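Contents: one structure, followed by commentary.
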Amino acid sequence: MVATSLLSPQQALLVSGVVNSFLFGVLTVQMYINYMAFPLESLKLRFVVTTIYLLQVFQAIIVSYRNHIELVLARMSPVVDTTGKFTWIELVISAVTMSTVQLYYANSIRIVSKRLIFPWLIVCCSILQLQGGITLAVVTFGKTNISSPGGVQRLQSAIFHLANATCDVMIVACMTYYLVRYYSHTTRTQRIVKRVVWLMIETGMVITIVTLACSSLLFTAHNHGNLNTVYSSIISNLYSNSLLALLNGRALYRVKLDVPLSTRAFTQPTLQPTEIQPSNERIEGLSS
Numbered sequence: 001m002v003a004t005s006l007l008s009p010q011q012a013l014l015v016s017g018v019v020n021s022f023l024f025g026v027l028t029v030q031m032y033i034n035y036m037a038f039p040l041e042s043l044k045l046r047f048v049v050t051t052i053y054l055l056q057v058f059q060a061i062i063v064s065y066r067n068h069i070e071l072v073l074a075r076m077s078p079v080v081d082t083t084g085k086f087t088w089i090e091l092v093i094s095a096v097t098m099s100t101v102q103l104y105y106a107n108s109i110r111i112v113s114k115r116l117i118f119p120w121l122i123v124c125c126s127i128l129q130l131q132g133g134i135t136l137a138v139v140t141f142g143k144t145n146i147s148s149p150g151g152v153q154r155l156q157s158a159i160f161h162l163a164n165a166t167c168d169v170m171i172v173a174c175m176t177y178y179l180v181r182y183y184s185h186t187t188r189t190q191r192i193v194k195r196v197v198w199l200m201i202e203t204g205m206v207i208t209i210v211t212l213a214c215s216s217l218l219f220t221a222h223n224h225g226n227l228n229t230v231y232s233s234i235i236s237n238l239y240s241n242s243l244l245a246l247l248n249g250r251a252l253y254r255v256k257l258d259v260p261l262s263t264r265a266f267t268q269p270t271l272q273p274t275e276i277q278p279s280n281e282r283i284e285g286l287s288s
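For the sequence shown, full-length UniProt numbering gives the first residue as 1, with consecutive numbering after it.
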């Protein structure tokens, strides 16, 4: 067991603020690309993307305000002590954002695989991590010292991290399996499937590694509360960026297939009519 925290409260605030600002900037650029490339996007997907972005805007405001209070005002007035005051809000935003993205992937897997067992398992893990995140936020609410969490807080943190990691692994494994095992005699369709697989692996593995790393530190670091500050500030942005990267990747696929960007076919992925009709449904599952 490590005797001291890996990060001091000030270091955790600084790291979380810098990384959150960077990821939010990347997300803003991706949102601009999404709105410009897909003007006729379906209302359901547009609602999901917009909701996620608004949550990240709110979190960016919270992170900036928190850092201003705790890194600037607290130094000017030692009486001010708000350490951990805003962590519970970030936990709620992170849990809701992650659950939304995971449910979207579960729906995509349902369309691609035409089966319900794995999508329902992903939904159950997503609900479990949502419960763990909200419960952890309730336990953290009102605490000014989160560097030494109690037993209940540590338990809920474990549920939050492990359920999230399990859900990520299942999503990457299912999407990779169902897309890899599909074979089309159409070269263009097979090329799109291959690109989607690699994009799923790249974006999914980044989130999974971050989640597993935080879960491992949870059990190796004695005072891990400051890590929750960093984790809750960046994980929802990682999820949002991964979803936008996958959705915006459709633009590259369509450009390579020489489909005009202003057509309805660009935003509703249905390939040229071929003898392999199921391929349309599998690709369409990523944009539903």
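C-beta: ideal position from N, C-alpha, C; glycine also.
The structure presented is a predicted model; accordingly, all values stated were derived computationally and were not measured.
Rounded to the nearest angstrom, what separates residue i and residue j at their Cα positions?
{"i": "Leu-121", "j": "Leu-71", "result": "42 Å"}
{"i": "Thr-135", "j": "Val-230", "result": "18 Å"}
{"i": "Cys-167", "j": "Gln-102", "result": "8 Å"}
{"i": "Leu-43", "j": "Thr-50", "result": "10 Å"}
{"i": "Met-36", "j": "Arg-154", "result": "44 Å"}
{"i": "Met-175", "j": "Ala-106", "result": "9 Å"}
{"i": "Asn-241", "j": "Leu-27", "result": "6 Å"}
{"i": "Val-19", "j": "Ile-234", "result": "7 Å"}
{"i": "Leu-199", "j": "Ile-62", "result": "31 Å"}
{"i": "Ser-16", "j": "Phe-38", "result": "32 Å"}
{"i": "Pro-21", "j": "Ala-158", "result": "Reading off the sequence, residue 21 comes out as Ser, not Pro. Straight-line Cα distance between these residues: approximately 27 Å."}
{"i": "Ile-117", "j": "Leu-162", "result": "20 Å"}
{"i": "Asn-248", "j": "Gln-156", "result": "35 Å"}
{"i": "Leu-227", "j": "Asn-34", "result": "32 Å"}
{"i": "Val-169", "j": "Leu-54", "result": "27 Å"}
{"i": "Phe-58", "j": "Val-152", "result": "28 Å"}
{"i": "Leu-128", "j": "Val-96", "result": "12 Å"}
{"i": "Gln-30", "j": "Met-205", "result": "20 Å"}
{"i": "Phe-141", "j": "Leu-130", "result": "16 Å"}
{"i": "Ala-251", "j": "Val-172", "result": "22 Å"}
Grab me the residues of residue i's own chain with a C-beta within less than 7 Å of its C-beta, minus the 5 sequence neighbours each way, in chain order.
{"i": "Glu-48", "result": "Position check: residue 48 holds Val in this sequence, whereas Glu was assumed. If we look at Val-48 and ignore the five residues flanking it on each side, its Cβ neighbours are Thr-100 and Tyr-104."}
{"i": "Ser-232", "result": "Thr-87, Glu-90, Leu-91 and Ser-94"}
{"i": "Phe-24", "result": "Gln-56, Ala-60 and Asn-237"}
Return helix, strand or coil for residue i, following the three-state DSSP convention.
{"i": "Phe-22", "result": "helix"}
{"i": "Glu-70", "result": "helix"}
{"i": "Ser-157", "result": "helix"}
{"i": "Arg-46", "result": "helix"}
{"i": "Phe-58", "result": "helix"}
{"i": "Leu-27", "result": "helix"}
{"i": "Arg-181", "result": "coil"}
Provide the residue span of the alpha helix (DSSP H) that contains residue i, from first to last.
{"i": "Glu-90", "result": "87 to 113"}
{"i": "Ser-126", "result": "117 to 140"}
Kindly list the residues whose CB is nearer than 8 Å to the CB of residue i, restricted to its own chain and excluding five residues on each side of it in sequence; keep chain order.
{"i": "Leu-13", "result": "Arg-66, Asn-67, Glu-70, Leu-71 and Thr-229"}
Check whether the Cβ of residue i lies closer than 7 Å to any Cβ atom in chain E.
{"i": "Gln-11", "result": "Any reference to chain E falls outside this structure, which holds one protein chain only."}
Note down, in chain order, each residue of its chain lying with its Cβ closer than 6 Å to the Cβ of residue i, except the 5 sequence neighbours on either side.
{"i": "Cys-125", "result": "Ala-163, Thr-166 and Cys-167"}
{"i": "Tyr-32", "result": "none"}
Inter-stretch contact at 8 Å, needing at least 3 Cβ pairs: the stretch 170 to 179 / the stretch 109 to 119: Touching, yes, given that three or more Cβ pairs across the two stretches are closer than 8 Å.
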